[in-house]
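Residue numbers (my numbering): 55 to 372. Structure first, commentary second.
See below:
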């Protein structure tokens with residue numbers, strides 16, 4: 055059967071083209087729009103996920119493959135690696151799990167797990183092939199970023215004690231990043247996955263492409279997970295540096311998961327008491343401007359395990 059007489063094949067080819075163009079525009083924005091381009095690049099998986107759900111997994115895979123071919127023309131393998139680890143693997147994983155109707159929460163968790171396994175595999179191969187220490191490179195990269203930022207501030211006319219105070223604060227932030235970057239990567243991947251699922255679900259609703267996410271208001275973490283949080287909390291008291299660092303990173307990731315449950319509880323009460331949309335926007339802005347409020351939401355998510363602030367009979371997860 056020729057291409058002209060196969061409308062399904064024609065539509066799939068068109069979807070691959072549209073998905074590839076949209077993905078390239080979003081991801082490459084970071085190179086053409088310094089700083090601001092970071093935001094659209096976070097949504098690079100969305101086109102591949104949408105068209106993969108609309109026309110089949112093969113279309114999503116084709117979008118990722120074409121992106122790799124496009125980026126290969128830049129002559130920098132690091133760019134391809136960044137795309138695959140930030141967006142490519144996420145595109146394929148989310149498309150697969152959403153196609154299986156696993157729901158939003160499980161799709162995010164499973165996709166992040168797959169992405170982390172790929173990252174660990176890349177680290178292992180890199181270390182074996184080069185004999186290099188990736189942790190050392192991370193430290194070097196963070197320190198380089200501090201020097202570059204300090205140079206920018208100097209060019210802006212900031213000098214003296216004010217510049218020294220900024221440099222000290224950046225060094226403290228760098229020390230924290232070097233300590234908890236595994237947790238930051240994990241939480242960051244989770245946020246990217248959630249943001250892209252949100253965008254895809256809205257686009258899908260508009261163009262009648264079903265995206266099953268489940269009811270976020272019913273989200274609950276598995277009950278045994280609280281014991282892992284308790285154990286990690288006590289492990290923070292162990293003087294051994296490796297144990298402390300591992301426990302700290304695990305605690306951060308678990309707290310992020312419980313903050314999600316806390317937001318689910320808030321969403322339940324917003325719906326139950328018909329809280330106006332403007333009030334929800336104000337609360338969201340407060341959470342952005344006052345990060346300590348996120349800690350309160352996390353505590354709410356933890357105590358929901360015992361308080362069961364929503365209905366007494368609900369699913370443990372989506």
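For every residue, glycine included, the Cβ atom is placed at its ideal position computed from N, Cα and C. Note that the structure is predicted; figures quoted are calculated from it, not measured.
Am I right that residue 347 and residue 341 are in contact with their C-beta atoms under 8 Å? What's the rounded C-beta distance? 5 Å
Could you check where the alpha helix (DSSP H) with residue 151 kicks off and where it finishes? 143 to 153
Neighbourhood of residue 77 by C-beta distance below 7 Å, restricted to the same chain and skipping five residues each side: 98, 101, 102, 117 and 121
Within 10 angstroms of its Cβ, does residue 361 collect 16 or more other Cβ (buried), or is it exposed? exposed
For the stretch 284 to 304 against the stretch 146 to 159, do three or more pairs of beta-carbon atoms, one drawn from each stretch, fall closer than 8 Å, so that the two count as touching? no
So, is residue 315 buried or exposed, given that buried needs 16 or more other C-beta atoms within 10 angstroms? buried
Let me check understanding here. Comparing Cα to Cα, which of 289, 291 and 273 lies closest to residue 313? 273
If you compare alpha carbons, which of 349, 93 and 165 is closest to residue 317? 349
Should the stretch 259 to 275 be called in touch with the stretch 152 to 163, which here means at least 3 C-beta pairs below 8 Å? yes
Just to confirm the assignment, what range does the alpha helix (DSSP H) spanning residue 265 have? It is not in any alpha helix (DSSP H) - residue 265 carries neither H nor E in the DSSP assignment.
Mapping DSSP to helix, strand and coil, what is residue 379? Coverage of the chain is limited to positions 55 through 372, which leaves residue 379 absent and any answer about it impossible.
Between 356, 252 and 248, which lies nearest to residue 165 when the distance is taken from Cα to Cα? 248
Rounded C-alpha distance that separates residue 70 from residue 61: 14 Å
Assigned secondary structure, residue 245 (DSSP; H/G/I helix, E/B strand, else coil): helix
Mapping the DSSP letters down to three states, classify residue 328 as helix, strand or coil. coil
By the three-class DSSP mapping on this structure, what secondary structure does residue 347 have? helix
Considering only residues of the same chain and omitting the five flanking positions on each side of residue 354, which have a CB-CB separation below 7 Å? 316 and 319
Between the C-alpha atoms of residue 113 and residue 104, what's the straight-line distance to the nearest angstrom? 10 Å
Between which two residues does the alpha helix (DSSP H) containing residue 115 stretch? 111 to 126
Under three-state DSSP, which class holds residue 185? coil
How about residue 136 and residue 126: are their beta carbons less than 8 Å apart? no
Can you tell which of 203, 255, 343 and 363 has its C-alpha closest to the C-alpha of residue 271? 363
Length of the line joining the Cα atoms of residue 185 and residue 175: 15 Å
Would you tell me roughly how many angstroms separate the C-alpha atoms of residue 90 and residue 278, rounded to the nearest one? 41 Å
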